[in-house]
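Line by line, the protein sequences give chains A and B.
For the first sequence, the residue numbers in this note's numbering are 166 to 468.
For the second sequence, the residue numbers in this note's numbering are 202 to 569.
Okay, so here's the structure we're looking at.
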Amino acid sequence: MTDIFELLKGKPEDVDYEKKGVIVQGITGSYGSIHAKQMISYGTNVVAGVTPGKGGQKFEETIPIYNSMQEAVDATNAKISIIFVPAKFFLSAAKEALNSGIKLLVAIPEHVPIRDTMEALDLAKQKEAIIIGPNTPGIMIPELIKIGIMPPMPFKAGKIAVLSKSGTLLYEISDALTNAGFGQSITIGIGGDPVNGTRLIDAFEMVKDISDLEGLVIVGEIGGDSEEMLAKKIIELGFNKPTVAYIAGRAAPKEKRMGHAGAIVMGTYGSAESKISMFNKANIPVAKRPAEVPVLLAGKMEK
Amino acid sequence: MQLLEFQAKEIFREYKINLLNSISSTNIEDGRKHAKELGYPFVIKIQVPVGGRGKAGGIQKCQNDDEFDIKYPQVMDLVIKGEKARAILLEKMADIKKELYLSIFLNRSKRCYTIIASSEGGVEIESVKNQIIKEIGLGDVSDEVANEVAKEMGLDGITAEGVADTLKKLSKLTIEKEAELVEINPLAIMQDGTVMALDGKFVTDDNANFRHDELQKYQEKTEIEEQAEKSGFSLVELDGDIAVVGNGAGLVMSTLDMLSDNGGKPACFLDVGGGATTESVYEALTLISKLDRVKGILVNLYGGIVKTTVVAEAFLKAYENNLIDIPVFSRLKGTESEKAKEMLQGSRTNIFDSVEEAINAAVMGIKK
Chain A
166 MTDIFELLKG
176 KPEDVDYEKK
186 GVIVQGITGS
196 YGSIHAKQMI
206 SYGTNVVAGV
216 TPGKGGQKFE
226 ETIPIYNSMQ
236 EAVDATNAKI
246 SIIFVPAKFF
256 LSAAKEALNS
266 GIKLLVAIPE
276 HVPIRDTMEA
286 LDLAKQKEAI
296 IIGPNTPGIM
306 IPELIKIGIM
316 PPMPFKAGKI
326 AVLSKSGTLL
336 YEISDALTNA
346 GFGQSITIGI
356 GGDPVNGTRL
366 IDAFEMVKDI
376 SDLEGLVIVG
386 EIGGDSEEML
396 AKKIIELGFN
406 KPTVAYIAGR
416 AAPKEKRMGH
426 AGAIVMGTYG
436 SAESKISMFN
446 KANIPVAKRP
456 AEVPVLLAGK
466 MEK
Chain B
202 MQLLEFQAKE
212 IFREYKINLL
222 NSISSTNIED
232 GRKHAKELGY
242 PFVIKIQVPV
252 GGRGKAGGIQ
262 KCQNDDEFDI
272 KYPQVMDLVI
282 KGEKARAILL
292 EKMADIKKEL
302 YLSIFLNRSK
312 RCYTIIASSE
322 GGVEIESVKN
332 QIIKEIGLGD
342 VSDEVANEVA
352 KEMGLDGITA
362 EGVADTLKKL
372 SKLTIEKEAE
382 LVEINPLAIM
392 QDGTVMALDG
402 KFVTDDNANF
412 RHDELQKYQE
422 KTEIEEQAEK
432 SGFSLVELDG
442 DIAVVGNGAG
452 LVMSTLDMLS
462 DNGGKPACFL
472 DVGGGATTES
482 VYEALTLISK
492 LDRVKGILVN
502 LYGGIVKTTV
512 VAEAFLKAYE
522 NNLIDIPVFS
532 RLKGTESEKA
542 KEMLQGSRTN
552 IFDSVEEAIN
562 AAVMGIKK
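Structure representation (structure tokens):
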């Protein structure tokens, strides 16, 4: 298992420890440029951008733009990239990144066809790389590095790991946690697609052994069975750090896609009831409202 | 999208899966003509994008003209799980020996296609016994796997051949059309041992639509849903009276849940997208103003990168243009929310600090 913190921060002996370079694919697009600026102002070390045809130019007068990922990686030796291209072009952008040696790929685009995601995942597996997303807000270590589109306000450094399928619920719940005094050690956006590069269970593997982890918050939603898989894993491992879950979509009608491509209940596959009952079996309380998450977490910590 | 039975069967036919003769219609005059062509007896089947049609009386045997005149309109007028008939399918009656179950679905957590087969079909998947489950990767089903499944189902001879053949065709179309789920339930064994697809279910990956022009004719959206899509929103119409608007699918679902917990009935799910702008919120209010059943609007916005004042501007513009004449209950959180509250002071928008308060006020306000 790749150490996500080592990927994001590096090793203490590295010259660029806690300053690992990030390449932004699609840096000159409207969305890519806004978020590149936001990431830079958060302290993320954006070392290069890639936009075919704009090689040689500079972003914000300082960051070099390259025509291809290979050139950008050769020049910077970065291992992390974030993709902002339209969904149709995601697969080719992802292949380019993975073939150039990128080890952590954050895939922002929504509406990527499942087949394309699966193909990218296949390549990532061969290259021993991690894909976060698609359709994810990204990944962050609060107050250190942000690779994604999340606003900075809700997050504060701390010792709770938050894993979330939804973007806005990640902000909402992190905000509630921060206000209750629970900062976050890491937050990982899983994404709202049917197939996720990093599933809840994979994200859990990334955070479960953090030495000073004080709690885990799982923000799920209807669709698929990744919450159930995670709950089973938690039972199996006897993971006993205080853990709280939230599931969105209890009131959603069956067989309707609720905004996210992955948020759909087919028969009982993907229903909120199934997820909640599995969390209950794992002795993980499920909040009824986002605001209840910190309350339940505090309750778990007292025990 | 989920195709209707007759649409799924159109695709099955293209892939040469065995089907009974059938014709679809949307009015009784056309239906009568088709009845003549098809010849009695046949089955009248309602076409709705949900399961449980049989139990709800949506599938009726028909022996003659008199029965046809009574049953066709009866079936046409049914509403099943809130869904009205999109069409009526007339299909020849089959003399069957046994009903099987066959499907291929995208196994999301295993990230591969998976076959489910059973020798005891004809009931909803949750009740299908003796399920044979096989993960098959991303490629076509091989002869070997297809034959193995048929054997495990306890079949032999031409029936086993038929099932294996159907399975291979099903996998080919799943891959070529980029389906999330393709199901034949029941797959019938006929008296002569051949197999026949009596029903068909087909769910596509909407995100791959741009590669599948041939499926676009099946796209079924209400006018409002279509407009929402053009604006880049996700909108699902529901049958209550409080419109729910927010940014981000998770947040809107969560608002829907809390509203329902408090006795409110959502009229729609409207996600304006992770970011919100004056234009997008104005556009959302425009769409909602077209839904007659809406008596109030519940807005839950978490302004991240977006300033809430930008959202407040959309409301003010909507009131100025007399777009909205129903109460709005709103929770705006994020950048510049204090200023946004000031801007909306004295307007039709009731602003609340928490979504819980906004929901309570909306539920109480609508009851009056």
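All residues carry an ideal CB built from backbone N, CA and C; glycine is no exception.
Predicted model only: the values in this text are computed from it and were never measured.
- Two segments are said to touch when three or more pairs of C-beta atoms, one from each, lie closer than 8 Å; by this definition the region 315-330 of chain B touches the region 343-357 of chain B.
- In the displayed model, F306/B falls within a strand according to three-state DSSP.
- For F213/B, the uninterrupted alpha helix (DSSP H) run begins and ends at E206 to E215, by DSSP.
- Rounded to whole angstroms, L399/B and V244/B show a C-alpha spacing of 11 Å.
- Within chain B, the C-beta atoms nearer than 7 Å to that of E386/A come from G451 and M454, in chain order.
- For M371/A, no chain B residue has a C-beta closer than 9 Å to its own C-beta; the minimum C-beta separation is roughly 17 Å.
- Scanning the region 506-538 of chain B from its first residue to its last, the whole alpha helix (DSSP H) runs of 4-plus residues come out as 509-521.
- In this structure, the beta-carbon distance from K246/B to R233/B does not fall below 9 Å.
- Excluding residues up to 5 positions away in sequence, G186, I188, V212 and A213 lie with their Cβ nearer than 8 Å to the Cβ of T241/A in the same chain.
- Three or more beta-carbon pairs drawn from the region 377-396 of chain A and the region 357-367 of chain A are found closer than 8 Å, and the two stretches are therefore classed as touching.
- By the criterion of at least three beta-carbon pairs nearer than 8 Å, the region 400-409 of chain A is in contact with the region 369-386 of chain A.
- If you ignore the 5 residues before and after D181/A, its C-beta comes within less than 8 Å of the C-beta of G175 and N210, all in its own chain and listed in chain order.
- Between K419/A and chain B, the shortest Cβ-Cβ separation is below 9 Å.
- Within the model, the alpha-carbon separation for E430/B versus D414/B is close to 17 Å.
- Uninterrupted alpha helix (DSSP H) stretches at least 4 residues long and entirely within the region 433-474 of chain B occur at 450-462, given in chain order.
- Put simply, the CB of I279/A is near chain B, with a gap under 9 Å to one of its CB atoms.
- Assignment of Y483/B by DSSP, reduced to helix, strand and coil, places it in the helix class.
- The Cβ atoms of D407/B and R422/A lie closer than 9 Å to each other.
- For a cut-off of 8 Å, the C-beta gap from G447/B to G497/B is around 15 Å, too long to register as a contact.
- Nearest CB-CB separation between Y411/A and chain B: below the 9 Å threshold.
- Boundaries for T405/B: no alpha helix (DSSP H) harbours it, while the beta strand (DSSP E) harbouring it runs K402 to T405, taken from the DSSP string.
- A residue is called buried once 16 or more other Cβ atoms fall within 10 Å of its Cβ, and K373/B, having fewer, is exposed.
- Cα atoms of L436/B and L502/B: separation of roughly 16 Å, rounded to the nearest angstrom.
- In the structure shown, the three-state DSSP call for E284/B is strand.
- Annotation: the continuous alpha helix (DSSP H) that includes N348/B extends over D344 to E353.
- The DSSP-derived three-state label of S246/A is strand.
- Contact with chain A is found for T536/B, since one of that chain's Cβ atoms lies less than 9 Å from the residue's Cβ.
- A distance below 7 Å between beta-carbons, with the five flanking residues on each side excluded, links M283/A to the following residues of its chain, in chain order: V360.
- The Cβ atoms of L395/A and L365/A lie closer than 9 Å to each other.
- In the DSSP annotation of this structure, the continuous segment of the alpha helix (DSSP H) that includes N344/A starts and ends at G332 to N344.
- At the C-beta level, V495/B and A519/B stay beyond 9 Å of one another.
- In this structure, the alpha-carbon of T510/B lies about 10 Å from that of K534/B.
- Around the beta carbon of D458/B, 16 or more other beta carbons lie within 10 angstroms, which makes this residue buried.
- Think of a sphere of 7 Å around the beta carbon of A389/B: no beta carbon from chain A falls inside it, the nearest being about 21 Å out.
- In its chain, beyond the 5 residues on either side, A437 have a beta carbon closer than 7 Å to the beta carbon of R415/A.
- DSSP lists E292/B as the bridge partner or partners of S223/B.
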